[in-house]
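Asker:
Residue numbers (this note's numbering): 4 to 451.
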């Protein structure tokens with residue numbers, strides 16, 4: 004067994020009483036990685052408008068509010084699909100959801116890239132968001148079935164790493180590729196990637212190891228009941244207090260990162276701190292990387308401490324302090340600004356613990372449904388904050404225009420817009436502190 008597989012999994016093959024074996028670590032992680040690869044593509048599309056804000060504004064004549072609205076269309080359909088995705092992945096399994104989502108995302112990318120008007124650009128973004136919405140929950144469902152329970156938090160953290168890698172590709176590399184080939188050609192290329200990945204998922208991925216002749220990790224009694232209606236599963240999940248608290252909490256932490264690094268960080272850094280577009284893209288990508296690699300660290304620390312709530316709340320609180328420095332203090336030295344943004348990214352990785360905590364709070368058969376609800380809460384943050392910040396910027400615009408004819412906004416305008424990030428972060432801290440601690444143990448289903 005490779006050394007890396009040994010680190011991620013202590014036992015490669017385990018014999019069962021019925022002469023069936025568990026899948027090898029390499030196979031299980033490869034199956035999971037195909038779902039994770041779709042999440043990488045989803046994150047690329049999610050943050051691309053931040054780098055392409057000038058190109059999109061020029062091609063479609065957009066104000067800040069209109070740009071925020073165009074970017075936000077991705078999140079509207081993404082959020083709307085989370086509950087259906089959670090219900091469907093519990094009933095049908097992740098394989099066909101991944102294949103269908105990849106195929107539709109390719110269509111959406113083509114529509115967006117070939118759009119001649121804002122309407123069709125918005126339609127493409129809307130279709131992309133709705134189709135890639137299945138990636139995260141499906142990858143978590145694969146982790147539930149293909150990996151040991153004690154690896155779930157690590158897999159969730161690594162999923163964040165993979166997603167942030169997509170965000171990094173949507174930063175400086177996208178900036179260079181757009182300069183060389185044009186943004187439309189780059190988006191068309193992502194459609195080809197999606198189709199190739201769809202074929203690979205169809206050939207390799209199965210919903211459970213038992214579908215490939217292996218022994219599965221989920222007992223039949225816990226695997227889910229195909230006869231249980233979607234409404235019954237949704238009502239069952241909503242009986243748990245942690246479902247509500249852990250769905251509301253992540254919107255502040257994720258919304259702050261994605262409202263900034265995913266859209267408004269580029270103009271903020273170029274307008275207020277006079278950074279070059281490449282330097283600004285590098286800062287936003289660096290923040291995403293810090294967020295990504297802190298996820299597995301929070302996961303491993305949580306497993307070692309046998310706690311979910313404490314490290315999650317601590318990360319949120321540190322992020323709140325870092326964002327307060329960026330938003331409330333004008334004229335920071337660039338080194339202090341960048342340090343605060345990197346700290347905000349590092350401390351935001353604790354949000355992945357919310358998925359493990361939520362999954363452990365409900366019966367295992369409802370894992371997909373509760374994951375969909377929590378992920379809906381995650382994406383409500385950027386869905387609301389990105390367009391709201393744009394609306395505030397336009398409302399408080401002082402009439403300044405750059406050499407390229409685009410609006411330039413002052414620090415005061417950004418500060419008022421970014422205050423909404425701080426308010427939701429306060430709510431996030433309170434929600435996590437009010438949640439029930441699971442101590443890394445799966446609920447038998449008797450605690451509401």
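Every residue, glycine too, gets a C-beta built ideally from N, C-alpha and C.
Which residues in the same chain as residue 131 place their Cβ atom closer than 7 Å to its Cβ, once the five residues preceding and following it in sequence are excluded?
Answerer: Start at 1 with the first residue of the chain shown, and residue 131 comes out as number 128. The residues are 48, 77, 108, 111, 112 and 115.
Asker: Give the straight-line distance between the Cα atoms of residue 254 and residue 23, rounded to the nearest whole angstrom.
Answerer: To locate residue 254, count along the chain shown from 1; it is residue 251. To locate residue 23, count along the chain shown from 1; it is residue 20. Answer to the nearest angstrom: the Cα atoms are 43 Å apart.
Asker: In chain order, what residues of the same chain lie with their CB nearer than 6 Å to the CB of residue 106, ignoring the 5 residues before and after it?
Answerer: Counting from 1 along the chain shown, the entry for residue 106 is found at position 103. Only 201 meet the Cβ criterion.
Asker: Quick one: Cα of residue 191 to Cα of residue 177, how far?
Answerer: As a working note, residue 191 is residue 188 in the chain shown. As a working note, residue 177 is residue 174 in the chain shown. The straight-line gap from Cα to Cα measures roughly 13 Å.
Asker: So, with DSSP's three-state summary, where would you put residue 410?
Answerer: Counted from its first residue, the chain shown places residue 410 at position 407. Three-state DSSP puts residue 410 in a strand.
Asker: Report yes if the CB atom of residue 173 is closer than 8 Å to the CB atom of residue 54, and no otherwise.
Answerer: Locating residue 173 in the chain shown gives position 170, where the first residue counts as 1. Locating residue 54 in the chain shown gives position 51, where the first residue counts as 1. Yes; because the gap between Cβ atoms is below 8 Å, this pair is in contact.
Asker: Please report the distance separating the alpha-carbon of residue 350 from that of residue 386.
Answerer: As a working note, residue 350 is residue 347 in the chain shown. As a working note, residue 386 is residue 383 in the chain shown. Straight-line Cα distance between these residues: approximately 21 Å.
Asker: For residue 156, which option in 336, 311, 418 and 395 has the closest C-alpha, if you only look at C-alpha atoms?
Answerer: Position 153 of the chain shown, counted from the first residue, corresponds to residue 156. Closest option to residue 156, Cα to Cα, is 311.
Asker: Please give the ranges of any beta strand (DSSP E) in the segment 232-292, keeping only runs that are unbroken, at least 3 residues long and fully inside the region.
Answerer: List check, beta strand (DSSP E) in window: nothing returned.
Asker: Keeping to the same chain, check which residues put their C-beta closer than 7 Å to that of residue 273; ignore five residues upstream and five downstream.
Answerer: Locating residue 273 in the chain shown gives position 270, counting from the first residue. Only 280 and 283 meet the Cβ criterion.
Asker: Return the first residue and the last residue of the alpha helix (DSSP H) that residue 204 is part of.
Answerer: Here residue 204 refers to the residue found at position 201 of the chain shown. That run of the alpha helix (DSSP H) goes 186-207.
Asker: Taking the alpha carbon of residue 208 as the reference point, which residue from 374, 262, 144 and 94 has its own alpha carbon closest?
Answerer: In the chain shown, counting from the first residue as 1, residue 208 sits at position 205. Checking every option, the nearest Cα to that of residue 208 belongs to 144.
Asker: Is DSSP giving residue 24 helix, strand or coil here?
Answerer: Within the chain shown, the letter at position 21 stands for residue 24. Strand at residue 24.
Asker: Figure out for me which residue from 74, 100 and 58 has the closest Cα to the Cα of residue 42.
Answerer: Along the chain shown, one-based indexing puts residue 42 at 39. Ranking the options by Cα distance to residue 42, first place goes to 100.
Asker: Assign residue 365 to one of three DSSP states: helix, strand, or coil.
Answerer: The residue given as residue 365 occupies position 362 in the chain shown. In the structure shown, residue 365 sits in coil (DSSP, three-state: anything other than H, G, I, E or B).
Asker: Going by DSSP in three states, residue 330 sits in which element: helix, strand or coil?
Answerer: Mapped onto the chain shown, residue 330 falls at position 327. Three-state result, residue 330: helix.
Asker: In angstroms with no decimal places, state the Cα-to-Cα distance between residue 246 and residue 118.
Answerer: Here the question's residue 246 lines up with position 243 in the chain shown. Here the question's residue 118 lines up with position 115 in the chain shown. Cα-Cα distance, rounded: 39 Å.
Asker: Going along the chain, which unbroken runs of the alpha helix (DSSP H) with 4 or more residues stay wholly within the segment 151-180?
Answerer: Correct list: 155-172.
Asker: For residue 56, I'd like the list of residues in its chain whose CB is within less than 8 Å of its CB, leaving aside the five on either flank, ordered along the chain.
Answerer: Residue mapping note: residue 56 aligns to position 53 of the chain shown, counting from 1. These residues qualify, in order along the chain: 70, 266, 269 and 270.
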